[in-house]
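**Student:** The structure under discussion is supplied below as structure tokens; questions concerning it will follow.
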Amino acid sequence: MTTLVDAGLSPLLRGFEIPPCPAVLNDLRRELDSDDCDPRRVAQLISRDVGLSAAVIRVANSPALALQRKAKTIGEALSLLGSRQILNLVVGELLKRLVSQENSPSLERFWDRAALSAAVCARLSGRLRGSQRDTAYCFGLFRDCGIPLMMQRFSDYKTTLQLANRASTSFTDVEDSRHGVDHAVIGYLLARSWNLSANLCAAMRSHHEFSALYQESDSGLSVESCTLIGIGVVAERVISLSQNASEENEWRLGRDAVSHFFSLGEGELDDIVDDELEHLRACND
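Each position in the sequence shown, counted from 1, maps to that position plus 5 in my numbering.
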């Protein structure tokens with residue numbers, strides 16, 4: 006894995022354009038963190054950007070979030086989902102807007118999967134304890150955000166993705182061997198520049214380092230960071246099965262570590278995967 010030492014990042018990041026944190030996101034955080042936070046003010050801040058407002062309402066009404074009734078305005082979505090979840094939706098839409106390429110079907114599929122991953126991670130946080138639901142959602146959304154930036158930077162990155170699907174080593178090992186940097190590093194830097202929580206950023210940086218999930222590991226990661234990594238592994242397994250995708254390598258590398266970290270007995274992890282898969286398919290019916 007690429008060693009993350011801030012002073013030595015410049016050579017690794019040459020040619021990358023990591024978007025700065027949008028002003029509206031900083032404004033929303035200030036309002037949400039204030040002692041007299043006003044939901045009406047939160048709704049106004051989002052509604053100033055018509056495109057952002059419409060996108061957030063669309064995601065709020067998606068089957069994955071399973072609202073009891075449809076939201077027609079940001080104010081309604083705010084009352085149904087809560088301020089922190091709305092903030093996550095805003096973050097997701099801003100990320101998609103800033104880290105995208107026009108007329109790219111592959112990136113559209115990527116963002117669809119990221120949104121699905123966020124929803125599955127949020128649900129799993131209720132069974133695999135150690136992280137808040139909103140944090141798990143944000144992790145699922147952001148975890149692989151370095152991939153679009155790698156696609157922009159390296160013209161042969163699609164070949165890297167194909168090789169990673171067939172490799173016996175981890176995804177990031179394949180990236181490092183071909184490009185000298187990996188999507189986990191790039192995603193970590195973007196998340197940090199957008200002021201996401203330290204535990205979430207650390208989990209993003211190490212989400213392919215499954216050895217961190219063993220108690221004897223000296224990774225230095227917090228329990229919450231390890232929980233997020235484990236949840237992410239399970240979420241990806243659920244989604245791969247739901248889409249009939251042949252993505253066995255990461256599951257093969259990570260499943261034992263996940264079972265160990267969450268103290269799951271033989272068959273318990275498979276039961277969780279089966280339950281979440283059934284729920285996901287029911288949402289899509």
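Here a beta-carbon is modelled for each residue, glycine too, at the ideal position from N, C-alpha and C.
(1) If I'm right that Val57 touches Asp32 with Cβ under 8 Å, what's the distance once you round it to whole angstroms?
(2) Counting only the same chain and skipping the five closest in sequence on each side, list residues whose C-beta sits under 8 Å from that of Gly131.
(3) Is the distance from the Cβ of Leu194 to the Cβ of His265 below 8 Å?
(4) Compare the Cα-Cα distances from Val29 to each of Ala123, Val95, Ser198 and report the closest residue.
(5) Spatial neighbours of Ala65 within its chain, please: CB distance less than 8 Å, with the 5 preceding and 5 following residues excluded, ordered by chain position.
(6) Are Ala196 and Ser227 closer than 8 Å when you measure CB to CB?
(7) If you drop the 5 nearest sequence neighbours on each side, which residues of the same chain put their C-beta closer than 8 Å to that of Asp276?
(8) Which first and last residues belong to the alpha helix (DSSP H) in which Phe147 is found?
(9) Determine the contact status of Cys126 and Phe144, defining contact as a CB-CB distance below 8 Å.
(10) In chain order, which alpha helix (DSSP H) runs of at least 4 residues are fully inside the region 99-134?
(11) By the three-class DSSP mapping on this structure, what secondary structure does Leu92 have?
(12) Decide if Val10 is buried, meaning its Cβ has at least 16 other Cβ atoms within 10 Å, or exposed.
(13) If you reduce the DSSP assignment to three classes, tell me which class Ser182 lands in.
(14) From Arg210 to Ser136, what does the alpha carbon distance come to, in whole angstroms?
(15) Run the CB neighbour count on Val55, radius 10 Å, all protein chains shown included, and call it buried at 16 or more, exposed below.
(16) Do the CB positions of Ser247 and Leu282 come within less than 8 Å of each other?
(17) Can you tell me the Cβ-Cβ gap for Ile244 and Ser122, rounded? I've got them flagged as a contact below 8 Å.
(18) Would you mind working out which of Asp261, Val239, Pro68, Ile152 sits nearest Arg286, comparing C-alpha positions?
**Tutor:** So, to answer that:
(1) One point to set straight first is that residue 57 is Leu, not Val, in the sequence displayed. The beta carbons of Leu57 and Asp32 sit about 12 Å from each other, so the pair does not count as a contact at 8 Å.
(2) Arg138
(3) no
(4) Val95
(5) Leu72, Ala76, Ala82, Leu85, Leu86, Ile91, Leu94
(6) no
(7) none
(8) 138-147
(9) yes
(10) 110-129
(11) helix
(12) Bear in mind that the predicted position of Val10 carries a pLDDT of just 43, short of 50, making it too unreliable to give a figure here.
(13) helix
(14) 17 Å
(15) exposed
(16) yes
(17) 6 Å
(18) The shortest Cα separation from Arg286 among Asp261, Val239, Pro68, Ile152 belongs to Pro68.
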